[in-house]
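Input: a single structure, listed below in structure tokens.
Residue numbers (my numbering): 1043 to 1578.
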């Protein structure tokens, strides 16, 4: 073995012991084990990196430091945690961005990255969130992937691209539960007078002018507040409101590393001259002790769904996440879960309508499961060209018949969006057909649209042409089921529990009328017997 090979062996052995680390840490380890001097160790590391024997991330660290790792460790949990820690130790914005990604399972929608990463929209001497994202892409730490139904997402770079599709259901489940939580929080801060009613903004706003932003930092929820401790006055005596700001992340216990981006945002706002006073809140299912104490020290409210809205609400969110995130429940459990979730969340403004759309596919799945035991919800189908589309409900009868069902759950008398119908006809059905021809070449192919809402004239015309064109080549059987047909199909199952849940929550779900209870004026509780007047 040559001296160079021997030195390479020492470097590899040291890296196996330390794991991915900064070059200075690797040098110290080599000094302990090999007896070489510091300069020699640095030179040998540089040569090994140039020769491709070890790999490195450079130009992100001060003092010409590099992050060194072995090829086989790239993308492992140890790689990301070590790189994250090394970047955070230097105060790097890239470290905050990696923290937000790791807290969210390594993937999140691009539209949510600006609030999650801890960097400003624009600020002097600070990297903007767009610059941070560009840098992560340039150094190939992350990539932008497109997931069906979610659009573009930022994801940690993985060795296998197929892994990204596995993230779809857990990610959808998290976003759905957070959306319901956001609606409940919005209702709570409005009803309790914590905020100025019409100033509330959430990350779900479609209008870019309505983005929840305070002092050039994006958040999940923001609103102006006129609570006395938050008020400021200009020199002219004009009142300046403060702000209520909140971020949220459900589904896991959060450590201090995971919360660093939010804490950094809050401290940055407090350090700015003329910044508004803010009431900071973060909502998660659970915090580590270290994270909880650091949040308190930073003046942030570390809230949980249960502490804010009670155990029933928190349990409903957990059930919802479990139902949407993993399709493993039995027929009986699915029906019971939907009933429980819809009942517990019925009083949240806007939540019922959203859940009718998101949970209708489970009702459809349980309906067709009567005739076919092989039923899958949220199946990702890929065409021969590599295009992907999500099938709401996929039903198989061996290799003889395959059915792709598109589910549109709406409250009664609402109209199905024409854009959704066009997308189903023009983009999704061709992918389903290609998938079926590849995987089940001899099967009868059926495409169906089930809806509890009305179809507009444009949608009816598009569907008529779609069915007409199909008569020429008979590629598949097309079925469109409107509310009365869906209702008849569900009742034909003779499943009392399924019929009851559909009638209660999807078909004729009544708007609840909340009547205020009469509250009496104060009365004299200890008035003497001769007193006629007991009121004050």
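By construction, the Cβ of each residue, glycine as well, lies at the ideal position given by its N, Cα and C atoms. Note that the structure is a prediction, hence the values are computed from the model and not measured.
Residue 1480 sits in a helix when the DSSP states are folded into three classes.
Counting along the chain, the unbroken alpha helix (DSSP H) around residue 1348 starts and ends at 1347-1351. By alpha-carbon distance to residue 1518, the top candidate from 1525, 1524, 1510 is 1510. Boundaries of the beta strand (DSSP E) around residue 1098: 1097-1099. Between residue 1138 and residue 1161, the CB-CB gap stays under 8 Å. Note on the segment 1479-1553: whole beta strand (DSSP E) runs with a minimum of 3 residues are 1486-1493, 1519-1523, in chain order. Rounded to whole angstroms, the Cβ separation of residue 1535 and residue 1412 is 5 Å, and the two are in contact under 8 Å. Each residue's CA atom was taken as its position, placing residue 1261 and residue 1321 some 13 Å apart. In this structure, residue 1324 places its C-beta atom within 8 Å of the C-beta atom of residue 1289. In this chain, residue 1164 is not harboured by any beta strand (DSSP E), its DSSP state being neither H nor E. Annotated as distal: residue 1319 and residue 1242, with beta-carbon spacing of 8 Å or more. The beta carbon of residue 1532 is closer than 8 Å to those of 1405, 1409, 1540, 1541, 1544 in its chain, skipping five residues each way along the sequence. Residue 1232: member of the alpha helix (DSSP H) spanning 1210-1233, first to last residue. The shortest C-alpha to C-alpha distance from residue 1359 to any of 1130, 1292, 1079 is the one to 1292.
Taking 8 Å as the cut-off, the beta carbon of residue 1366 is found no closer than this to the beta carbon of residue 1172. In the DSSP assignment, residue 1194 is bridged to 1188. The straight-line gap separating the alpha-carbon atoms of residue 1281 and residue 1252 is approximately 22 Å. Taking every protein chain shown into account, the CB of residue 1508 has 16 or more other CB atoms within 10 angstroms, so this residue is buried.
For residue 1285, same chain residues with a beta-carbon under 8 Å away, outside a window of 5 residues either side, are 1256, 1264, 1265, 1266, 1267, 1272, 1318, 1319, 1320, 1321 in chain order. C-alpha of residue 1222 to C-alpha of residue 1246: approximately 11 Å in a straight line. Residue burial annotation: residue 1503 is exposed, with fewer than 16 other C-beta atoms found within 10 angstroms of its C-beta. Annotation: residue 1486 to residue 1480 spans about 13 Å, alpha carbon to alpha carbon. Boundaries of the beta strand (DSSP E) harbouring residue 1327: 1320-1329, taken from the DSSP string. Here residue 1219 is not near residue 1064, since their CB atoms are 8 Å or more apart. Taking a contact to require three or more Cβ pairs closer than 8 Å, the segment 1185-1203 and the segment 1141-1155 qualify as touching. For residue 1417, the enclosing beta strand (DSSP E) stretches over residues 1416-1424. Going by C-alpha positions, residue 1425 is about 43 Å away from residue 1307. Beta-bridge partners of residue 1283 (DSSP): none assigned.
Beta-bridge analysis with DSSP links residue 1465 to no other residue. Here residue 1342 carries a strand assignment [DSSP, helix/strand/coil]. Assigned with DSSP and collapsed to three states, residue 1259 falls in strand. Ranked by Cα distance from residue 1526, the options 1110, 1070, 1443, 1492 are led by 1492. Between residue 1217 and residue 1206 the beta-carbon gap is near 16 Å, outside 8 Å, which marks them as no contact.
Remark: C-beta atoms of residue 1548 and residue 1398 approach each other more closely than 8 Å. With a cut-off of 8 Å on Cβ pairs, the segment 1110-1121 is in contact with the segment 1043-1061, counting three or more such pairs. For the set 1276, 1047, 1495, 1115, the Cα lying nearest the Cα of residue 1529 is the one of 1495.
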